[in-house]
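Numbering (the numbering used here), first residue to last: 459 to 740.
Built from N, CA and C at the ideal position, the CB exists for glycine as well.
Just so you know, these numbers come straight off a predicted model, no measurement behind them.
For reference, the structure is listed below as C-alpha cells.
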Amino acid sequence: MGILLALIPALGWGVQPLIARKIGGRPTNQIFGTGLGALLIGLVVLMGAGTVTDRDFAISFLAGLLWSIGQVGQFVAFTKIGVTRTMPVSTGLQVVGTSLIGVLIFGEWPGTAAKLIGLLAIILVVVGVTLTTVTDQATGGSSLKSGLLILVPTTVGYLAYSALPKALPANGLQLFFPEMLGIFVGALLYNLCTTQGRSLSEKTSWQNVLIGLIFGVSSLAYIFAAKLSGIATVFVITQLNVVVSTVGALVILHEAKTNRELKATLTGLGLIVIGSVLTATL
C-alpha cells in the first residue's frame, strides 16, 4: 500500500510543471494558484491533525514560506530554459543539497563506506545535471545562464523546506497545515511585491489552483507512504517525478531538442535517478 501511495507524489509532482505550462500565465499567477490550492488541502488536514507548539508552528510555517521561493524560481526558470532543463537541474540540486545537509547537520551517512557511496551518488547526480544542460543552439548558452542564475539560488528555499521540519518533534501531519499556510503567505507576498496584488484577480491565477491542489494531495500521500514503507523506499519512488516531468515536456509540451541534446538529457536523467536511489539506501 505504501508503494502505491508513493506513486501519487511521483506522478503528481511530475505533472505539476506540465499543467503550469499548459494553463499558462506568469509566475505570479502560478505561485498564487499553487499557494491557494495547497492551503485548501492544509485546511482539510488541519481538522484531524492535532495541534503543535508555537515554536513548531513557526518553524514549519517558515519552511513553507521558503518553499514558495524555490517554487517561484522554478516557475521563472520554466519561461527561460523550459521544463526539460529546469526539472533535472532543480532535482539534482535538491538531492545534492539535502544529502549534504543531512551529513553535515544531522549526522547521516555514518561510517566510511556510507560516505564513499554517498560521494559517488553526488558525483553521479552532478554529472547527470551537467548532461541535461547540454545545448547545441547558438543562443542557448545565454538563456541557460539566465535560467540557472534564478534557479540555483532559489533552490535554497526547497532545501530549507526539507531540512527545517527534521529538527522538530511533531509528526508530518501536525506540521502540514502551517507549512501550507507558509506557502500561501509566501505566494501572496510575492504577488504583492511584484504586481501590487493585481495578478490576484486574473483568471489564470485561479486556474492554477489546480497545481496547488495536486501538490497538497501529493505531499499528503508522501507522508502516509513514508509511514507505511519507510522514507528511503518512498523517496526513491518519488524521484520518478523528474522522469515524468522531463519526458512529459518532450512529448506533451513539444520542447525541441537536437538528437545530441536528447541523448545527453536522457542519459543525465538516468544518472540523477541512480544517484538519488543510492542516497536513499544509505
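Asked: Rounded Cβ spacing between S518 and P623 (contact assumed at less than 8 Å); Found: 6 Å
Asked: Rounded C-alpha distance that separates A521 from A625; Found: 11 Å
Asked: In chain order, each alpha helix (DSSP H) run of at least 4 residues that lies wholly inside the region 473-509; Found: 485-507
Asked: Cutoff 8 Å; reference A468; Cβ partners in own chain excluding five residues on either side; Found: I695, T696, Q697, L698, N699 and V702
Asked: T597, buried or exposed, once every other Cβ within 10 Å from all chains shown has been counted against 16; Found: In this prediction, T597 scores a pLDDT of 48, lower than 50, which makes its location untrustworthy; no coordinate-derived value is stated.
Asked: Cutoff 6 Å; reference I641; Cβ partners in own chain excluding five residues on either side; Found: G493, A496, G522, W525 and S526
Asked: Whole beta strand (DSSP E) elements within the region 633-702, 3-residue minimum; Found: none
Asked: As assigned by DSSP and simplified to three states, the class of M459; Found: coil
Asked: Residue span of the alpha helix (DSSP H) that contains P627, given as start and end; Found: Looking at the DSSP string, P627 is not in any alpha helix (DSSP H), and its letter there is neither H nor E.
Asked: Inter-residue Cα distance where the pair is A738 and I575; Found: 11 Å
Asked: Inter-residue spacing [alpha-carbon to alpha-carbon] between A464 and A679; Found: 7 Å
Asked: Euclidean distance between Cα positions of I681 and L631; Found: 7 Å
Asked: Run of the alpha helix (DSSP H) containing G531, from where it starts to where it stops; Found: D512 to I539
Asked: L711 in three-state terms, based on DSSP; Found: coil
Asked: Terminal residues of the alpha helix (DSSP H) in which E719 lies; Found: N717 to T739
Asked: Beta carbon of L729 nearer than 8 Å to that of L589; Found: yes
Asked: Under the three-state DSSP convention, the category T704 falls into; Found: helix
Asked: T704 versus K573: straight-line alpha-carbon distance, rounded; Found: 30 Å
Asked: Anticipated Cβ contact below 8 Å, I489 with V530, distance rounded; Found: 5 Å
Asked: Span of the alpha helix (DSSP H) around V583; Found: T570 to T590
Asked: Residue from K721, E637 and E566 whose Cα sits closest to the Cα of T591; Found: K721
Asked: DSSP state of T544 mapped onto helix, strand, coil; Found: helix
Asked: V587 versus A618 - alpha carbon distance; Found: 21 Å
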